[in-house]
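**Q** Just dropping this structure here.
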Amino acid sequence: MPAISIAKAPQPAATNPAQIRNFCIIAHIDHGKSTLADRMLGITGVVEDRNMRAQYLDRMDIERERGITIKSQAVRLPWRSGIDNQEYILNMIDTPGHVDFTYEVSRSLAACEGAVLLVDCAQGIEAQTLANLYLAMENNLTIIPVLNKIDLPAAQPEKFAIELANLIGCKPEDCLRVSGKTGAGVETLLDEIVKQIPPPIGDPKAPTRALIFDSVYDSYRGVVTYVRVVDGHLSPRDQIQMYSTGVRHEMLEVGVISPEPMASKGLGVGEVGYLITGVKDVRQSRVGDTVTTYNNPATVALAGYKDPKPMVFSGLFPLEGAEYPMLREALDKLQLNDAALVFEPESSDALGFGFRCGFLGLLHMEIVRERLEREAGLTLISTAPSVVYKVTLDDGKKIVVTNPSEYPDGKIAEVQEPIVKATILAPSEFIGTIMELCQQRRGVQKGMDYLSEDRVEIRYTLPLAEIVFDFFDQLKSRTKGYGSLDYEPIGEEAGDLVKVDILLQGEKVDAFSQIVHRDKAYAYGVTMTAKLRELIPRQQFEVPIQAAIGAKVIARENIRAIRKDVLAKCYGGDITRKRKLLEKQKEGKKRMKMVGRVEVPQEAFIAALTTDSDKASEKKK
Amino acid sequence: MNLAFYVHIPYCIKRCGYCDFNTYTPSELQITTGLKSITNSYTNLLIAEIKSARKQLGDQSTVPSIFFGGGTPSLMEASDIESIITAIGSEFDLASDVEITLESNPDTVDREKLENFYNAGVNRISFGMQSAVPHVLATLDRTHNPDNLYQVTQWASDVGFKEISVDLIYGTPGESKADWQKTIDTALSLPITHISAYALIIEEGTKLAAQIKRGEVGPVDDDLTAEKYIMADNAFTKFGFDWYELSNWSKPNSESKHNLAYWLGHNWWGAGPGAHSHINGKRFWNVKHPNLYKQKIDAGEAPVADSEDLQESQIESERLMLSIRLPSGVEKSTLNEKQILDLSGYVKSGHLDEGNWDNGRAALTLEGRLIADRIVREILL
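Chains as they are written, first to last, in our numbering: chain A, 1 to 621; chain B, 1001 to 1381.
Below, the structure is given as structure tokens:
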């Protein structure tokens, strides 16, 4: 029996680095990472069968429901190798699985010496997995290719073994085959981790340096910071210091997760664990930063620290104006746990008071919104996502625009927009439709490679704004769900961009303004005005809806004045019914937003601001 | 106090396709002995309810009006109608100028029956004409021959009725403007003193609603309906019928006193299944089904299904909602500053009459009448 009891296992702060293996699992959503992790917890004996629950390590409801890991986590697994019968400590560092969190992924990878590349052998590798694989290879990690779900009837391990072998330069037969579900091959995998992945190397006598690869806010403990010790050691008596800020903290607790937190006597070279300092805000304990000790501070930081930069901005407004303070409170609370989330108050003529929020990407945006709605019970309207534009005026003045309504009128010398390098993986039969989509979205093709006979990797550069606008949904629907996408920012380029305003009865509706490429302005104007004509009820006067670039109207629709709004009959028995109906309608009227004199129902804002992606997903149903 | 009486006659030979009123056909009630037997026994139930109303209210009330509505009141025997009027008169005081209206289907009366109703004390008769155009009547699922209207109104006039009204419906799917003009012209050629003209309301659960849903009958066009209202008002006014409520026009002094009682918030008692009453700020209404109604009356119980004590704000809402429907409109002195501000936009847009506004009243113009509900919503509390 390779499992060893935790009590007898090598203890934290007293484990020889030669006995330690730090690894992560790189996998796409749905490829079975959490199930495999569950299985490892069981086989190594850190979670007894009777305490086991599915996706043990995923902490948030959203994580479990969506099958994605938003934040990473590290678990200490004791293991007696079946090969040399020696005791080892395996630190499994769970990595977030989404493109929005690439930076967090890169820090998790930096905490490891090896990575298990886990691929569902009924589906093959996906673009994001590929991106993370490349990231792991850049970090010089030892890659162990693993085909998962071999128990599935649709499994094609031979085919995908060749694909993996081509990607990482090994032989197809080097790919391990496991089933997280049945446990088949998992013990072998643990043994191979010990055998193939090198032990951590560090100097125990040097000033302490530990890499922060995650930090999480806990309402009872404050911020819990996950670290990998590179040099020196951390002990409970230390005063620690954050390298980037120089701020000093008292250490309240240091420990390991196995898989529940356990305080320890410290952490030594190569060890992975957590520390608690009483800090209340994750921004004071940032991913990528170096932890050192106050008494003997390191003089050189660990490489790779950077501030997360929001890439996508959207306005969030409470449906009920009175919920604004609650929204602020909820955002403040969320920010304790999300260093990448930024926000500042925004007021919209149409939507009232809200916040302009910056996100790492679309998934991040969706998750934040969902958490605000779920955890704080708010109902929100979010405006169409926008990217960051750098506008240079004729007089040389530069402005950063994250909100289309702040886009300057006229006198613009140049607009720079963010550009990304996109990688798309898909079956080769979809090459044509993918290229068509990328061309429509102002993409420039950069290359194409066959991963295997019938799967290709297509590379494009695209404006981020084009990706933000329902690109992923389009890709999914054009490739029948098989296409996958990864992108990373590569800089900025000048674009021929204009702001399209929407006017109701001559009044600009700030929430509907959009920055688009000049060639697409007309189409946007036509679509938006037609949409609004359907969504806005008739008023007692005519309401023209116009789309305009500056003073130039590019599209126009008309909502005719309502002629009749009266019930003809009102006799004895009708009176109660009619009064109740009017009262109900009056309540509905209170939920209308006034744009000038025009009453616009909330639903119109929501529907108009929802991109076509929703229609696409409707179709898929 | 004044106490108007509404008497509900919940029977029809057949149900019309657009109708969602509380009425029943013999086949729905599984009656094989003919309607006459039920209407006779039904009369006794009504008289029992009238007596219990008296017990509840005391005998101080004067009755300015009685209205027999339905259903099809003209299916009743004149002797039954007379018994009911007599019962009301013996329990309460009938005003010397009491208005007694009976709704009549043009197909179910002849000269003799009209004369009998007149002799029974009915002095105002209202015919369900709806339209003069056969295909419109067919869509409405009405069975009468439009030519009968000349005959029955003439008979009514001949036997002594001074107050004769017709009900019209406009906005029926498939009704052209010319069709509606023909109906207007026909009505104006009749010897009548009063016209009620209603825009068709498609009530959920009716046969017509189902036909529209299935696409067998076209949808109602609200804009066209609005134009038809204006056509009607122009024509009626030209012929000396002035509007005194959104859907009602009359010759001078021929307004329906009974209907005005509803709009002015007076007290009334509704007798019969499903009938609503309003007594001093309290509304109550009877159980809907005739069989259940009979059970309750036979058991000596009040046939009331439910009631509502109106709060002050509700009374105010009803006052606004009802009085805006009348030419006199709402007195500005009864409105607060915000209400007046909210309404002032409608003066500018021509929906409220400027002259009246300056003289202290919020009264609808012709265009304003078409959006009365929208305007009321603006000022509801």
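Each residue gets a CB set at the ideal place from its N, CA and C atoms; glycine is no exception. The model shown is predicted, which means the values in this text are computed figures rather than measured ones.
1. Starting from the beta carbon of Arg1325/B, find every residue of chain A whose beta carbon is closer than 8 Å, and list them in chain order.
2. In terms of alpha-carbon separation, which member of Leu1137/B, Arg1111/B, Val1347/B lies closest to Ile1125/B?
3. Mark Gln445/A as exposed unless 16 or more other C-beta atoms lie within 10 angstroms of its C-beta, in which case mark it buried.
4. Does DSSP put Ala1217/B in a helix, in a strand, or in coil?
5. Flag Gly506/A as yes if its beta-carbon sits less than 7 Å from any beta-carbon of chain B, otherwise no.
6. Pick helix, strand or coil for Met137/A, following the three-state DSSP scheme.
7. Quick check: Ile545/A and Glu534/A, are their CB atoms within less than 7 Å of each other?
8. Is the beta carbon of Glu366/A sitting closer than 7 Å to the one on Arg356/A?
9. For the stretch 528-541 of chain A, list every residue whose C-beta sits within 7 Å of some C-beta in chain B, in sequence order.
10. In angstroms, rounded to a whole number, what distance separates the CA positions of Leu1003/B and Pro1064/B?
11. Closest Cβ-Cβ distance between Arg579/A and chain B: below 7 Å?
12. Whole angstroms is fine: what's the gap from Val500/A's alpha carbon to Gly506/A's?
13. Helix, strand or coil for Gln196/A per DSSP?
14. Could you give the C-beta distance for Leu267/A and Pro12/A, rounded to a whole number, given that I count them as a contact under 8 Å?
15. I need the straight-line Cα distance from Thr1186/B to Ile1195/B, nearest angstrom please.
16. If contact means a Cβ-Cβ distance below 7 Å, which residues of the stretch 1200-1234 of chain B contact chain A?
17. For chain A, is any of its Cβ atoms less than 7 Å away from the one on Tyr1018/B?
18. Residues of chain B with CB closer than 8 Å to the CB of Lys586/A, please, in chain order.
19. May I ask you to report which of helix, strand or coil DSSP gives Cys438/A?
20. Is the shortest distance between the beta-carbon of Val391/A and the beta-carbons of chain B less than 7 Å?
21. Taking a cut of 8 Å between CB atoms, which residues from the stretch 1248-1264 of chain B lie near chain A?
22. Go to Tyr389/A, then tell me how far its alpha helix (DSSP H) extends in each direction, as first and last residue.
23. Hey, which unbroken runs of the beta strand (DSSP E) at 3 residues or more fall wholly within the stretch 313-358 of chain A?
24. Could you pull the DSSP bridge partners for Thr290/A from this structure?
25. Rounded to a whole number of angstroms, what is the C-alpha to C-alpha distance between Ala74/A and Ile257/A?
26. Rounded to whole angstroms, what is the Cα-Cα separation between Lys508/A and Asp349/A?
27. So what's Leu1190/B in DSSP terms, helix, strand or just coil?
28. Could you name the residues of chain A that Tyr1198/B contacts, counting a contact when the two beta carbons are closer than 7 Å?
29. So, is Tyr625/A buried or exposed, given that buried needs 16 or more other C-beta atoms within 10 angstroms?
30. Could you tell me whether the stretch 113-130 of chain A touches the stretch 300-313 of chain A, using the rule of 3 or more Cβ pairs below 8 Å?
31. From the DSSP output, in three-state form, read off Gly67/A for me.
32. Who are the neighbours of Glu583/A on chain B, taking C-beta pairs under 8 Å?
33. For Lys590/A, return the contacting residues in chain B, with the cut-off set at a CB-CB distance below 9 Å.
34. Below 8 Å on the Cβ atoms is my guess for Lys149/A versus Asp120/A; work out the distance and round it to an integer in Å.
35. From the DSSP secondary-structure annotation, give me the bridge partner or partners of Leu581/A.
36. When Cβ atoms are compared, which residues of the stretch 1014-1043 of chain B fall closer than 7 Å to chain A?
**A** Inspection of the coordinates gives the following:
1. Here residue 1325/B refers to the residue found at position 325 of the second sequence. Neighbours of Arg1325/B on chain A, chain order: Cys570.
2. The residue you call residue 1125/B lines up with position 125 of the second sequence. Restricting attention to Leu1137/B, Arg1111/B, Val1347/B, the CA atom closest to the CA of Ile1125/B is found in Arg1111/B.
3. Position 445 of the first sequence, counted from the first residue, corresponds to residue 445/A. The residue in question, Gln445/A, is exposed, as its Cβ has fewer than 16 Cβ neighbours within 10 Å.
4. By 1-based counting over the second sequence, the position of residue 1217/B is 217. At residue 1217/B the sequence reads Val, which differs from the Ala that was named. Residue state, collapsed to three classes: coil.
5. Reading the first sequence from its first residue, position 506 is the one you call residue 506/A. Taking Cβ atoms only, chain B never reaches closer than 7 Å to Gly506/A, which makes this a no.
6. The residue you call residue 137/A lines up with position 137 of the first sequence. It is helical.
7. Here residue 545/A corresponds to residue number 545 of the first sequence, with the count starting at 1. Here residue 534/A corresponds to residue number 534 of the first sequence, with the count starting at 1. Contact flag unset, no.
8. Position 366 of the first sequence, counted from the start, is the residue given in the question as residue 366/A. Position 356 of the first sequence, counted from the start, is the residue given in the question as residue 356/A. No, these two residues do not count as a Cβ contact at 7 Å.
9. Those would be Gln540, Phe541, in chain order.
10. On the second sequence, residue 1003/B is found 3 positions in, with the first residue counted as 1. On the second sequence, residue 1064/B is found 64 positions in, with the first residue counted as 1. Distance between the alpha carbons of Leu1003/B and Pro1064/B is about 7 Å.
11. Translated into the one-based positions of the first sequence, residue 579/A becomes position 579. Cβ-Cβ to chain B under 7 Å: yes for Arg579/A.
12. Position 500 of the first sequence, counted from the start, is the residue given in the question as residue 500/A. Position 506 of the first sequence, counted from the start, is the residue given in the question as residue 506/A. Going by C-alpha positions, Val500/A is about 14 Å away from Gly506/A.
13. Your numbering for residue 196/A matches position 196 in the first sequence. Reduced to three states, the DSSP call for Gln196/A is helix.
14. Here residue 267/A is taken as the residue at index 267 of the first sequence, counted from 1. Here residue 12/A is taken as the residue at index 12 of the first sequence, counted from 1. That pair is a contact at about 6 Å.
15. Reading the second sequence from its first residue, position 186 is the one you call residue 1186/B. Reading the second sequence from its first residue, position 195 is the one you call residue 1195/B. Their Cα atoms are separated by approximately 12 Å.
16. For the stretch 1200-1234 of chain B, the residues whose beta carbon sits under 7 Å from a beta carbon of chain A are, in order, Ile1201, Asp1222, Asp1223, Thr1225, Ala1226.
17. Here residue 1018/B refers to the residue found at position 18 when the second sequence is read from its first residue. Contacts with chain A at 7 Å (Cβ-Cβ) do not include Tyr1018/B.
18. Working through the first sequence from its first residue, we reach residue 586/A at position 586. Within chain B, the residues whose beta carbon sits less than 8 Å from that of Lys586/A are Arg1377, Leu1380, listed in sequence order.
19. Here residue 438/A refers to the residue found at position 438 of the first sequence. Looking at Cys438/A - three-state DSSP - the assignment turns out to be helix.
20. Locating residue 391/A in the first sequence gives position 391, counting from the first residue. Chain B places no beta carbon closer than 7 Å to that of Val391/A, leaving this residue out of the contacts.
21. Here the close residues are Asn1259, Tyr1262, Trp1263.
22. Here the question's residue 389/A lines up with position 389 in the first sequence. Taken as a continuous stretch (DSSP letters only), Tyr389/A belongs to no alpha helix (DSSP H), being part of the beta strand (DSSP E) at 389-393.
23. For the stretch 313-358 of chain A, whole beta strand (DSSP E) runs of length 3 or above, ordered along the chain, are 342-348.
24. By 1-based counting over the first sequence, the position of residue 290/A is 290. Paired residues: Leu211/A.
25. Against the first sequence, residue 74/A aligns to sequence position 74. Against the first sequence, residue 257/A aligns to sequence position 257. Their backbone Cα atoms lie some 7 Å apart in a straight line.
26. Against the first sequence, residue 508/A aligns to sequence position 508. Against the first sequence, residue 349/A aligns to sequence position 349. Approximately 9 Å between the Cα atoms of the pair.
27. To locate residue 1190/B, count along the second sequence from 1; it is residue 190. Three-state DSSP puts Leu1190/B in coil, outside helix and strand.
28. Taking the second sequence and counting its residues from 1, one reaches residue 1198/B at position 198. For Tyr1198/B, the neighbours in chain A by C-beta distance under 7 Å run, in chain order, Ala568, Lys569.
29. With chain A represented from 1 up to 621, any question about residue 625/A goes unanswered, as that position is not in the structure.
30. When C-beta atoms of the stretch 113-130 of chain A are compared with those of the stretch 300-313 of chain A, fewer than three pairs fall below 8 Å, so the two segments do not count as touching.
31. Position 67 of the first sequence, counting from 1, holds the residue named residue 67/A. Low confidence applies to Gly67/A: its pLDDT is 47, below 50, so where it sits in the model is not reliable enough to give any reading.
32. Locating residue 583/A in the first sequence gives position 583, counting from the first residue. Result: Ser1317, Leu1380.
33. Start at 1 with the first residue of the first sequence, and residue 590/A comes out as number 590. By Cβ distance, chain B contributes nothing, its closest Cβ being about 10 Å from Lys590/A, past 9 Å.
34. Along the first sequence, read from residue 1 onward, the residue named residue 149/A stands at position 149. Along the first sequence, read from residue 1 onward, the residue named residue 120/A stands at position 120. Correct: roughly 5 Å between the Cβ atoms.
35. On the first sequence, position 581 is the one that residue 581/A refers to. The partner list for Leu581/A (beta bridge, DSSP) is empty, contrary to what the question assumes.
36. For the stretch 1014-1043 of chain B, the set of positions with a beta-carbon nearer than 7 Å to some beta-carbon of chain A is empty.
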